Every structure is written in C-alpha cells, then in structure tokens.
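Before any comments, here is the structure.
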Amino acid sequence: RIEGWEDMPLGRFYNRFGNHWHSIAWYTDDPGEMWQRCVDNGIRVYIDGGVQTTERPGPESAIMTHPKDTITQLEFMRREGTIIEELDPRFGADWDPTWWENNHPLGLMRLAYTTVLTNDLDRAKKVYVDALGGTLLDEDSSELTGTQNLYVLMGDTVVELAKVTRDGTLAAEDLAANKECHHAAAYRVKDLDKAEEYLASKGIKTLVRDDTTILSDPSTTHGVAFRWTVKDVAGDPRA
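Number 233 marks the last residue of the sequence shown (the numbering used here); no jumps.
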C-alpha cells in the first residue's frame, strides 16, 4: 500500500482480480531473444512500470508480455550478473533441491505444471509452441478438473494449457469470473494421502480429488488454486 500502488500494474491487477495467480516468470540467457520472438509474432512487450517497448531491450532488462496476447502475463529476466543471483536461494552453494522431498512432511518434489485457462487450444499452442519455442509434450482430458489439456515444456517448466469442458468445476468458475488467466499451480508430491493429511493439519481443505491429484479449496489457500499430484506429465524429462 505504498503511495501510488493502485496505479501500478500489480495494483491495478489486484484491484480487479483480488487474490489470484498473476503471471509466470522465467530466467533466460537473453531477454532480447524472447522480445524478438514476441514482436515477430505480434505479442506486445512491456518493461518495468508497465511501459510498452518497441526496442530490443538490453541483457539486464526484464520484459513482460501483454496478458491478452499470451493468455496470461509472462515475464522473462536475466539471472547472471544481476541482483537476482544474490536474492534467489536456489543459486547458493548450500542449496539442496531434494530437501523438501526428503525432509518435509509434504514430500514436495517439484512444480509438476502450472495451468493457464484458454478458450482456444489451437491459439494457445501457436503462442506457447510456435511463437515462444516451447515443446508440446502431451495432451489429455481430465474429469477431475473438467478440462481438455495440452502440456508444453518451456525451459524447465511445464505449462498446462487447459480448455474448460464442463460447468461446475473450479476451472469453469475461474474462467467465468476472470476470463482467460493463469489458473493454478500443481506440485508433484511423493505420497498423495500423506500430503493431504499434512495439508489438512494446516487448515488447507481438499475441494475434490481422485487417485492421483488433489485440488485444494482456494478459500483456504489465500484465494489461489493449488493442486498436488503423484502423476507425471507424459514426456516430462524431469520425471
């Protein structure tokens, strides 16, 4: 709530959508390359402060896409030689990427995928695969989430592009309320029942689940949608 916060991009987003997933961000060796991919495909690009840029940015710039052009806002930033290297604990010499899996009761292995809701899977594929260079891994449908899905690998992150196929689901409600958007984050866990037990002990309720995946009640997770799964995306090289 600093002075002028409501006029900045995040403030405007919050005042419109409330507590909700906002964007997806990647580290990249060259934000300029991603800028070029975007502008070559008619995707508007912005820099800090929400200023649109039509000039290729320098290597230390962070760039953001217009959410209407990429279905949700995407951000690309350079890590090497920036303050991020000091702030992100994953780049520290003592970082152990297996600690959460082996020591924490949640048994958290990694981000399985993050979900973007779309009305048009063909258009979404053109953006994430053709324009941005992602790799299509798999496609399926889910009775649990009520969606038809495409899974695209971008860097070390799998993006699930999901089209709602029936009413009465969390995805359908989010799409109706907020239109196309960044909908959920799904985490791979070692044991689904143990994960559910731990989440319940922290007041995080299960909205619905099946044998492989839990959808938490957003009212118990600060308004945003979380999933927990023991299912690997087919073709995911991290599995």
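Virtual Cβ for every residue (Gly too), placed ideally from N, Cα, C.
Remember, it's a predicted structure, so these values are computed and weren't measured experimentally.
Coil, strand or helix - Asn113 by DSSP: coil
Element boundaries [alpha helix (DSSP H), containing Asn143]: Here Asn143 belongs to no alpha helix (DSSP H); instead the beta strand (DSSP E) covers Thr141 to Met148.
Can you give me the Cβ contacts of Gly101 inside the same chain, cut-off strictly under 7 Å, excluding the 5 residues immediately before and after it? Glu95, Val183, Lys184, Asp185, Lys188 and Ala189
Using C-beta distances below 7 Å, list every residue in its chain close to Ser136, excluding the 5 sequence neighbours before and after it, in chain order. Asn143
Under three-state DSSP, which class holds Glu154? strand
Could you compute how far the alpha carbon of Glu79 sits from the alpha carbon of Leu105? 21 Å
Distance between Glu74 and Gly229 (C-alpha atoms, nearest Å): 29 Å
Counting pairs of Cβ atoms below 8 Å between the segment 146 to 154 and the segment 190 to 197, do you hit three or more? no
Check the C-beta distance from Ile57 over to Val39 and give it rounded, since I have them as a contact under 8 Å. With a Cβ gap of about 5 Å, Ile57 and Val39 count as contacting.
Tell me whether Gly36 is buried or exposed, calling it buried when 16 or more other Cβ atoms sit within 10 Å of its Cβ. With fewer than 16 Cβ atoms within 10 Å of its Cβ, Gly36 is classed as exposed.
Within its chain, find whatever has a CB closer than 6 Å to the CB of Lys225; leave out the 5 residues flanking it on each side and keep chain order. So the list reads Thr206, once near-sequence residues are dropped.
Selected residue, minimal CA-CA separation from Arg72, among Glu(-3), Gly128, Trp20 and Thr163: Trp20
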